[in-house]
Every structure is written in C-alpha cells, then in structure tokens.
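Under this note's numbering, the sequence shown has 177 at position 183, and the numbering climbs by one with no breaks. The structure under discussion appears below in the form of structure tokens.
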Amino acid sequence: MVQNIMSAYLKKALSIHSDEFRPYGNVISAINVDSLLKYLKEEISVPEDQVAYVRSDERLKQYPAVSDIQRQIYGGMPVQAGYVCGVNTTQDGFEYHQGSEVIIAASDFFLFLGKRELMQGDTFNGERAEPFFIPAKSVIELYSTTLHYCPMSINAQPFSAAIILLDGTNEDIDGKNKPTILSKRNTWFIAHESFTEHPCPLLKGPHLCVNDIIHG
C-alpha cells in the first residue's frame, strides 16, 4: 500500500477540532487511554512496508478505556477492540458501517473522510472527500454516516491505532443473497473505478494520495 502516485489536486488537512469535522464525527476527551496506548506502542509489531489489521484483540478489552467507550458511545452494546498499523500512502476505497467507529490514535496520521449523503446510489466521487489530521493520543468517534478507510502515513512513517466497532464487524460473510457492496459483516465497501476486477469499482475521481495533502 506504499506507492508514489500523485493525483491532480491538492487539499489542506483539516483539524478534528474544526467545524468541518462535526458532520463526520466527535472528539472524545473525557476517557483516559494512556494504558491502552502503552500496550499498542510496546506490544504490537508494526510493519514498515504494508498495513496490518486485526479485527479483534481480546487483550485490548482489559483496558478501562474500552469499557468506558462501550458504555458511553455504544450504550452497553457488545463491541470488539482491534487495531490497524503500518505504512499507507494511498487510498483507493471507502467503507462505512452501521454504528459508530471509535479510533484511538497511537501516532499522528491522516484520514480521508466522506459523507454517505453525497453518494449517488453506490457511487462516490473521491474529489468530495476531505483529509483530516489526527494527532497522536486523539480519540475520535466516526458516525455511521461517514465514509472512511485506512489511515494514511505522514512522511511515510508507520502509524498505529486501536479500532472499536460493534462486535462482529468485518467478520467474513456468506456471499449468497447479499448487497454487492457488503464486503464483510457490517462493512459496505467500494473500490476505485480503476480496479476493474473488483466487484464494486464505484469510487470515482482521483486516486487519493498522501502527497496531495497540504499539512502545516
């Protein structure tokens, strides 16, 4: 997922504390995540040439932050706590879930976000996505109406983050009689139109690239 592709447009990275972020999610400031971040930094092996995603890591559930998020954000519904880490410089798809996604950032990174309301059928134009800078130690909630995907590295440096979702999200799902863009359990995904072999090449517009984000 590390490529030197540059698209034809530039966008300034926005702050998660700005008005622009409010339609996409919420910044959570009242939950202490220090011990969880320590685990991510000291116990997780972070690849330097690809992205690793673990849907559920039972060891994360021992940290009070996960229980606090389960109670405050999900109203006590069962959740899973996993993580994503590695190096990523391009984004060639978007996904969304039913139910919020909570991201606990162990490092700085960027996120491209879009609005489901701007989809036309199952199609979305990537030019309408907005990049946000996510500082280390941030805890953010992304609403179920928010299109998102993998974090993007800053200066090609590895990133890592804990990911909390409703339990069962991203499990494999039977391919029979399901909507085309339902790729995993509770995960709807569209790929860039250049991936013609993908069952859902419905993301239009440029390849989204970290080189096209103006930061600072």
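Even glycine gets a Cβ: it sits at the ideal position worked out from N, Cα and C. If you're wondering where the values come from, they're calculated on a predicted model, not measured in any experiment.
The beta-bridge partner set that DSSP reports for Gly87 consists of Ala185. Thr174 is a Cβ neighbour of Cys194, given a cutoff of 7 Å.
Straight-line spacing of the CA atoms in Leu54 and Lys35 works out to 13 Å. Residue environment for Tyr90: buried (at least 16 other C-beta atoms within 10 angstroms of its C-beta). Here the alpha carbons of Lys198 and Ile157 stand approximately 27 Å from one another. Just so you know, the alpha carbons of Ile208 and Asp116 end up roughly 29 Å apart.
The region 116 to 174 contains, as complete beta strand (DSSP E) runs of 3+ residues, the segments 124 to 128, 133 to 136 and 153 to 160 (chain order).
Nearest neighbour of Phe126 by Cα position, chosen from Thr139, Val133 and Phe103, turns out to be Phe103. Assigned with DSSP and collapsed to three states, Leu196 falls in coil, not helix or strand.
Annotation: the continuous alpha helix (DSSP H) that includes Leu31 extends over Asp28 to Glu37.
Contact check between the region 67 to 79 and the region 177 to 193: fewer than three CB pairs, one atom from each, fall below 8 Å, which does not count as touching.
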